[in-house]
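Numbering (the working numbering), first residue to last: 4 to 298.
Glycine included, every Cβ here is placed at the ideal spot set by N, Cα and C.
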């Protein structure tokens, strides 16, 4: 005999009061949509595990609560419509429809303003104390991303962040540069680790040595919360640099940067590599910046 799925409200009509599992599932999605994540946590067992398409590793109870907070921030109007339901042997399967509008930051990315409507299937398991022990959510991640980013340049937020860092550095404003980083961010320049304060000193040093310094992005890519970019630094050496007097020479030096971004859109780690050989050669006048451009 085939097992039929019924809309939850119809199940109550045909079979009487909803079963315990159904009640828990209805309560779970109701609290998730309302943003009552601490209440959601009380429905989960201590050994709770969740599996979702947007993560290669399972979530524990605390991690899943974090996902709940994140989705409510990203989609304040989110709704999980429950369409079909089936319960057997301590498991509940639900077919539903997720709806929401992305008006808040999502995993470190700014809101796109796009509406998302996505079918999903959720499978719940329960223990003897009627706590949810596991949750497996299945939906089309590609469709979710396509709806979320429709009409949006996926690199726009990453480009705005890196440009913000560079414009602040060009101005010699170390505090403004730091506003893009977490307080404990790690910086690697030429393979050497630096703190935030050391980076501020480096920004000030370059501004003093090259008052007209200008950083430019030529190529940028963004994926898995990592920004990779290639660009150049230009300027005229009219101030002391690395303890040596100004040469008056111009520079045009290639730079590579890699920035790791957290879910709040802040940089946690940064790696910057500059063509120091070209820099020193141009400062000495052995190679002209114009020749670098021509090549």
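Query raised in the report: So, using beta-carbon positions, are residue 105 and residue 74 closer together than 8 Å?
Result: By 1-based counting over the chain shown, the position of residue 105 is 102. By 1-based counting over the chain shown, the position of residue 74 is 71. No.
Query raised in the report: Any idea what DSSP makes of residue 76, helix, strand or coil?
Result: Taking the chain shown and counting its residues from 1, the one referred to as residue 76 is at position 73. The answer is helix: DSSP assigns residue 76 an H, G or I state.
Query - Which of helix, strand or coil DSSP assigns to residue 177 - result: The residue given as residue 177 occupies position 174 in the chain shown. Correct three-state label for residue 177: helix.
Report task. Give the DSSP-derived three-state secondary structure of residue 221 in the structure shown. Result -> Against the chain shown, residue 221 aligns to sequence position 218. The answer is strand: DSSP assigns residue 221 an E or B state.
Query raised in the report: Quick one: what's got a C-beta closer than 6 Å to residue 9's C-beta in the same chain, skipping five residues either side?
Result: By one-based count along the chain shown, residue 9 stands at place 6. Reliability fails at residue 9, whose pLDDT of 38 lies under 50, so the model's placement of it is uncertain and no value is given.
Query raised in the report: If we count Cβ pairs, one from each stretch, closer than 8 Å, do we get three or more for the segment 268-278 versus the segment 184-191?
Result: Cβ pair count under 8 Å is three or more, so yes.
Query raised in the report: residue 71 and residue 29: beta carbons closer than 8 Å?
Result: Numbered from its first residue, the chain shown carries residue 71 at position 68. Numbered from its first residue, the chain shown carries residue 29 at position 26. For residue 71 and residue 29, no; Cβs fall outside 8 Å.
Requested in this report: Measure from the C-beta of residue 23 to each C-beta in chain B and report whether the shortest distance is under 8 Å.
Outcome: In summary, chain B is missing from the structure at hand, where a single protein chain is found.
Requested in this report: Pick out whichever of 284, 103 and 93 has its Cα sitting closest to the Cα of residue 27.
Outcome: Position 24 of the chain shown holds residue 27. Considering only alpha carbons, the answer is 93.
Query raised in the report: With a Cβ-Cβ cutoff of 8 Å, do residue 229 and residue 263 count as a contact?
Result: Counting from one through the chain shown, the residue named residue 229 turns up at place 226. Counting from one through the chain shown, the residue named residue 263 turns up at place 260. Taking 8 Å as the Cβ cut-off, residue 229 and residue 263 qualify as a contacting pair.
**Report entry** Limits of the unbroken alpha helix (DSSP H) element including residue 212
**Finding:** Here residue 212 is taken as the residue at index 209 of the chain shown, counted from 1. Start and end: 199-212.
Query - Three-way DSSP call (helix, strand, coil) for residue 153 in this model - result: Mapped onto the chain shown, residue 153 falls at position 150. In the structure shown, residue 153 sits in coil (DSSP, three-state: anything other than H, G, I, E or B).
**Report entry** Assigned secondary structure, residue 7 (DSSP; H/G/I helix, E/B strand, else coil)
**Finding:** Here residue 7 corresponds to residue number 4 of the chain shown, with the count starting at 1. Unreliable placement is indicated for residue 7, whose pLDDT of 40 sits below 50; no coordinate value is reported for it.
Query raised in the report: Quick one, are the C-beta atoms of residue 256 and residue 281 less than 8 Å apart?
Result: Here residue 256 refers to the residue found at position 253 when the chain shown is read from its first residue. Here residue 281 refers to the residue found at position 278 when the chain shown is read from its first residue. Closer than 8 Å, so yes.
Query - Residues bridged to residue 277 (per DSSP) - result: For the purposes of this step, residue 277 is taken as the residue at position 274 of the chain shown. According to DSSP, residue 277 bridges with 258.
Query raised in the report: Distance, Cα to Cα, residue 287 vs residue 152?
Result: Position 284 of the chain shown, counting from 1, holds the residue named residue 287. Position 149 of the chain shown, counting from 1, holds the residue named residue 152. Distance between residue 287 and residue 152, taken at the CA atoms: about 48 Å.
Requested in this report: Check whether the Cβ atoms of residue 66 and residue 136 lie closer than 8 Å to each other.
Outcome: Residue mapping note: residue 66 aligns to position 63 of the chain shown, counting from 1. Residue mapping note: residue 136 aligns to position 133 of the chain shown, counting from 1. For residue 66 and residue 136, no; Cβs fall outside 8 Å.
Query raised in the report: At what residues does the alpha helix (DSSP H) containing residue 30 begin and finish?
Result: Translated into positions along the chain shown, residue 30 becomes position 27. Residue 30 -> alpha helix (DSSP H) spans 23-37.
Query raised in the report: Quick one: complete alpha helix (DSSP H) runs, 4+ long, within the segment 99-178?
Result: 144-151 and 159-173
Requested in this report: Tell me, please, whether the segment 161-175 touches the segment 242-252 by the rule of three or more beta-carbon pairs shorter than 8 Å.
Outcome: no
Requested in this report: Classify residue 25 as buried or exposed, calling it buried when 16 or more other Cβ atoms lie within 10 Å of its own Cβ.
Outcome: The residue given as residue 25 occupies position 22 in the chain shown. So residue 25 ends up on the buried side.
Query - Own chain partners of residue 290 with C-beta closer than 8 Å, once the 5 adjacent residues on each side are dropped - result: As a first step, residue 290 must be located in the chain shown, where it is residue number 287. Excluding positions up to five away in sequence, the list reads 281 and 284.
**Report entry** Closest residue to residue 98 among 91, 267 and 87 (Cα-Cα distance)
**Finding:** Position 95 of the chain shown, counted from the start, is the residue given in the question as residue 98. Comparing Cα positions, the closest option is 87.
Requested in this report: Note down the Cα distance separating residue 4 from residue 69, rounded to an integer number of angstroms.
Outcome: Along the chain shown, one-based indexing puts residue 4 at 1. Along the chain shown, one-based indexing puts residue 69 at 66. Note on residue 4: pLDDT 37, under 50, position unreliable in the model; no value is reported.
Query raised in the report: Expressed to the nearest angstrom, what Euclidean distance is found between the alpha-carbon atoms of residue 258 and residue 84?
Result: Against the chain shown, residue 258 aligns to sequence position 255. Against the chain shown, residue 84 aligns to sequence position 81. Approximately 50 Å between the Cα atoms of the pair.
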